[in-house]
């Protein structure tokens, strides 16, 4: 009988390892639902249904921010504390939770499991994972402490001391963990510009991933960045700038959104929406008043999301940048897959295509189901489905008045978007085995 250090994953666990990450979020959501259903979680004489408690717990744990009740008015301060705990733990669960599990099986882990956790964590090996756990925790603590101090110091002029610091803690964690929960009403009145910029910065730092930050720090001394970091940084800057410019172009004179704001606040609002569209989903304008071109831009940004190994959702900027670079290489007639002077293995392209395909499949299935249960504008259902899957939390519909079936569909999409398309696919499939059969190679007509 093999020792524990020699045991394989199958001998250690009776189920596929990818179920562990799913179980972490499932337990978190179940506990959140139970606690939010209790009387102390709601304010005054409000009553919450089990479905609404489940929806809110799912939204918080997955870091989405879609709500069926007004966060500021409906939930008590204890309820807000529960939400804070849910999206704080949820933001770290896919990082620290999966890392801790991988540490337990690191000596016997097979290539399939290493691939799974590399996709979730953004790491290339199992070495130094203990330091990675400590590093992620320290990184989050430092960033959130700095954000809390900065936001809290600005809110002291508008709120009592205790409330100012509580709001600072809540919104700092909400932005950094890309949760998008707002308990002070960011759009009415328009908050301090420093608060907005801080929230945007926190959401960007949360979406850029700890791995990229570490590589950037190492790059200062080594004068070299990994291809992954280069792609993330380039794509982040291009998407942030492109979204910012598109929002300004389409909404500058719109009276329902940016039109009535001073020029400096127009710039600030456009920047915040561009930054949080891929991540936190914090809004200072009425999204339903945005023009169709703006909504299409926001949907594209939401679908792409943040970096692999971050708190953001979406298909990830790594995937988007890789496929964009490969497409450009193909257009130029390059036979070898090369990106920024580095060769990329074709397996990574296959994985990127699989991520996009599965993500698109989930979103379209959600749109069809929501069209049946809600019967609203197709654009609204498309926007809500992408927002839920990308765990962004933007909304142009009336989520609170959705049917029970509609709320459950959106909750499932949020869960699938947080856990990840490839993780779900691996968890629901048999282990892949090399095929002993070979088949005749044939061509398929494309385009």
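In my numbering, the protein residues as written are 280 to 726.
Backbone N, C-alpha and C define an ideal beta-carbon position, used for all residues, glycine too.
Under a Cβ-count criterion, where at least 16 other Cβ atoms within 10 Å of its own Cβ denotes burial, should residue 530 be classed as buried or exposed? What you label residue 530 is simply residue 251 of the chain shown in a count that begins at 1. That one is buried.
Cβ pair count under 8 angstroms reaching 3, the segment 506 to 520 against the segment 611 to 628: The count of Cβ pairs closer than 8 angstroms, one atom from the segment 506 to 520 and one from the segment 611 to 628, reaches three, so the stretches are in contact.
Same chain only: Cβ atoms within 6 angstroms of residue 549, ignoring 5 sequence neighbours per side: Walking along the chain shown from the start, residue 549 turns up at place 270. Within the same chain, residue 549 has close Cβ partners 523, 526, 527.
Proximity to residue 666 [Cα-Cα], best of 332, 343, 336, 603: Position 387 of the chain shown, counted from the first residue, corresponds to residue 666. The candidate whose alpha carbon is nearest that of residue 666 is 343.
Look up residue 576 in the DSSP assignment and give the residues it is bridged to. Walking along the chain shown from the start, residue 576 turns up at place 297. The partner list for residue 576 (beta bridge, DSSP) is empty, contrary to what the question assumes.
What does a CB cutoff of less than 7 angstroms around residue 597 pick up in its chain, not counting 5 residues either side in sequence? Residue numbering aside, residue 597 sits at position 318 when the chain shown is read from its first letter. These residues qualify, in order along the chain: 507, 510, 511, 586, 587.
Note down the Cα distance separating residue 338 from residue 331, rounded to an integer number of angstroms. Position 59 of the chain shown, counting from 1, holds the residue named residue 338. Position 52 of the chain shown, counting from 1, holds the residue named residue 331. Answer to the nearest angstrom: the Cα atoms are 10 angstroms apart.
So within the segment 531 to 604, which uninterrupted alpha helix (DSSP H) runs reach at least 4 residues, ignoring any that extend past its ends? 542 to 556, 571 to 583
By the DSSP assignment, the alpha helix (DSSP H) with residue 653 in it spans what residues? Residue numbering aside, residue 653 sits at position 374 when the chain shown is read from its first letter. Neither: residue 653 is in no alpha helix (DSSP H) and is coded neither H nor E.
Label residue 450 either buried or exposed according to how many other C-beta atoms from any shown protein chain fall within 10 Å of its C-beta, with 16 as the threshold for buried. To locate residue 450, count along the chain shown from 1; it is residue 171. Buried is the call here.
In this structure, does DSSP put residue 622 in helix, strand or coil? Within the chain shown, the letter at position 343 stands for residue 622. In the structure shown, residue 622 sits in a strand (DSSP, three-state: E or B).
Taking the alpha carbon of residue 308 as the point to measure from, which residue in 723, 428, 698 has its own alpha carbon closest? Counted from its first residue, the chain shown places residue 308 at position 29. Of the listed residues, the one whose Cα sits closest to residue 308 is 698.
Just list the residues that DSSP pairs residue 321 with in beta bridges. As a first step, residue 321 is located in the chain shown; it is residue number 42 there, counting from the start. Beta-bridge pairing links residue 321 to 354.
Residue 692, buried or exposed, once every other Cβ within 10 Å from all chains shown has been counted against 16: Here residue 692 refers to the residue found at position 413 of the chain shown. So residue 692 counts as buried.
Relative to the C-alpha of residue 427, which residue among 358, 445, 629 is closest? Counting from one through the chain shown, the residue named residue 427 turns up at place 148. The candidate whose alpha carbon is nearest that of residue 427 is 445.
If we ignore side chains and look at the alpha-carbon of each, how far apart do residue 455 and residue 423 end up? Here residue 455 refers to the residue found at position 176 of the chain shown. Here residue 423 refers to the residue found at position 144 of the chain shown. Computed Cα separation, rounded: 7 angstroms.
How long is the line joining the alpha carbons of residue 591 and residue 483, rounded to whole angstroms? Against the chain shown, residue 591 aligns to sequence position 312. Against the chain shown, residue 483 aligns to sequence position 204. Distance between the alpha carbons of residue 591 and residue 483 is about 9 angstroms.
Quick check on residue 505: does DSSP put it in helix, strand or coil? Residue numbering aside, residue 505 sits at position 226 when the chain shown is read from its first letter. Coil at residue 505, not helix or strand.
Quick check: what's the CA-CA separation for residue 241 versus residue 347? Since the first residue of the chain shown is 280 and the last is 726, residue 241 is not available in this structure.
Can you pull the DSSP bridge partners for residue 617? The count along the chain shown starts at 1 and reaches residue 617 at position 338. Residue 617 pairs with 622.
Check for me: the alpha helix (DSSP H) holding residue 441 runs from which residue to which? Reading the chain shown from its first residue, position 162 is the one you call residue 441. Taken as a continuous stretch (DSSP letters only), the alpha helix (DSSP H) holding residue 441 covers 440 to 455.
Taking C-beta to C-beta, are residue 555 and residue 546 nearer than 8 angstroms? What you label residue 555 is simply residue 276 of the chain shown in a count that begins at 1. What you label residue 546 is simply residue 267 of the chain shown in a count that begins at 1. For residue 555 and residue 546, no; Cβs fall outside 8 angstroms.
Using the Cβ count rule (16 or more neighbours within 10 Å means buried), how would you classify residue 496? The count along the chain shown starts at 1 and reaches residue 496 at position 217. Under this definition residue 496 is an exposed residue.
Report buried or exposed for residue 475, applying the criterion of at least 16 other Cβ atoms within 10 angstroms of its Cβ. As a first step, residue 475 must be located in the chain shown, where it is residue number 196. Buried, by the Cβ-count rule.
Residues of its chain near residue 642, where Cβ-Cβ distance is below 7 angstroms and the 5 sequence neighbours each way are ignored: Numbered from its first residue, the chain shown carries residue 642 at position 363. The answer, listed in chain order, is 664, 665, 668.
Can you tell me whether residue 719 is buried or exposed? The criterion is at least 16 other CB atoms within 10 Å of its CB, across all chains shown. On the chain shown, position 440 is the one that residue 719 refers to. So residue 719 ends up on the exposed side.
Hey, out of 440, 458, 567, 421, whose CA is closest to residue 362's CA? Numbered from 1 along the chain shown, position 83 holds the residue referred to as residue 362. Per the Cα distances, 458.
Should the segment 311 to 330 be regarded as contacting the segment 347 to 358, the criterion being three or more beta carbon pairs within less than 8 angstroms? yes
Compute the distance between the beta-carbons of residue 568 and residue 536, then report whether it is under 8 angstroms. Along the chain shown, read from residue 1 onward, the residue named residue 568 stands at position 289. Along the chain shown, read from residue 1 onward, the residue named residue 536 stands at position 257. Going by C-beta atoms, residue 568 is nearer than 8 angstroms to residue 536.
Look at the alpha carbon of residue 299 and the alpha carbon of residue 372, and state the distance between them as a whole number of angstroms. Position 20 of the chain shown, counted from the first residue, corresponds to residue 299. Position 93 of the chain shown, counted from the first residue, corresponds to residue 372. In a straight line, the C-alpha of residue 299 is about 11 angstroms away from that of residue 372.
Let me know if residue 485 comes out buried or exposed under the rule of 16 or more other beta-carbons within 10 Å of its beta-carbon. For the purposes of this step, residue 485 is identified with residue 206 of the chain shown, where counting begins at 1. Answer is buried; the Cβ neighbour count reaches 16.
What first and last residue would you give for the alpha helix (DSSP H) that runs through residue 686? Residue 686 sits at position 407 when you count from the first residue of the chain shown. Its alpha helix (DSSP H) spans residues 683 to 698.
Out of 564, 341, 521, state which residue places its alpha-carbon closest to the alpha-carbon of residue 675. Here the question's residue 675 lines up with position 396 in the chain shown. Residue 564 is the option with its Cα nearest to residue 675.
C-alpha gap between residue 603 and residue 721, whole angstroms: Your numbering for residue 603 matches position 324 in the chain shown. Your numbering for residue 721 matches position 442 in the chain shown. Going by the C-alpha atoms only, they are around 27 angstroms apart.
As assigned by DSSP and simplified to three states, the class of residue 414: Along the chain shown, one-based indexing puts residue 414 at 135. If DSSP states are grouped into helix, strand and coil, residue 414 belongs with the helices.
Grouping DSSP H, G and I as helix and E and B as strand, with all else coil, what is residue 629? For the purposes of this step, residue 629 is taken as the residue at position 350 of the chain shown. Helix, per DSSP.
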